[in-house]
Amino acid sequence: VAGAVPHDLGNPGDDPWYKVNSYNIQPINAWKDLNCKFVLQVYRDYFLTGNKKFLWDCFSTCRVAIEYVARFDTDADGLIENQGFPDQTYDTWAANGASAYSGGLWLTALAAMGAMCRVLGKEDEAVQYEAVWQRGKQ
Numbered sequence: 001v002a003g004a005v006p007h008d009l010g011n012p013g014d015d016p017w018y019k020v021n022s023y024n025i026q027p028i029n030a031w032k033d034l035n036c037k038f039v040l041q042v043y044r045d046y047f048l049t050g051n052k053k054f055l056w057d058c059f060s061t062c063r064v065a066i067e068y069v070a071r072f073d074t075d076a077d078g079l080i081e082n083q084g085f086p087d088q089t090y091d092t093w094a095a096n097g098a099s100a101y102s103g104g105l106w107l108t109a110l111a112a113m114g115a116m117c118r119v120l121g122k123e124d125e126a127v128q129y130e131a132v133w134q135r136g137k138q
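Yeah, the sequence shown ends on 138 if you go by the UniProt record's numbering, and it's all consecutive.
Written out as structure tokens, the structure is:
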């Protein structure tokens, strides 16, 4: 699914070049944490290396990743909602509504997006991410 960060790179017994996510217990494309973790990993790597070219190279993918997860904020309060089944990496742990795990990753990813935008001179975009972050912290 476009915008969803894959859980895995496929099964070598299948065709991993064309079929990612060989994990078949839960619908991975509804997981709330993978995209947030991707954004955080990109910002962490930039923060530790100072490699601005790397940040530029990854930024548009981070934007797509965060926009994909934003659709899970069903009540526009700034927090994403879990959907009552194991929709995150803890694949037997069901949550419904806002949760500390998914919500915390989401808020931290928003803060990272705001910081990335500021590093890249995208002030208007930074303000948008920070506004959602502030709303979600309430």
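We treat Cβ as the ideally placed atom computed from N, Cα and C, and that holds for glycine.
Note that the structure is a prediction, hence the values are computed from the model and not measured.
Residue pairing of Q83 in beta bridges, as defined by DSSP: N96.
The alpha carbon of A30 has as its nearest neighbour, out of T49, S99, F54 and Y68, the alpha carbon of Y68. Scanning the region 29–81 for uninterrupted alpha helix (DSSP H) segments of 4 residues or longer gives 33–49 and 52–70, listed from N- to C-terminal end. Below 8 Å, too few C-beta pairs join the region 51–60 and the region 75–86 to call them touching: fewer than three. The C-alpha of Q41 is placed about 20 Å away from the C-alpha of G121.
Following the DSSP letters along the chain, one finds G136 inside the alpha helix (DSSP H) bounded by residues E123 to K137.
If the five residues before and after D45 are omitted, its C-beta is found closer than 7 Å to the C-beta atoms of F54, all from its own chain and listed in chain order.
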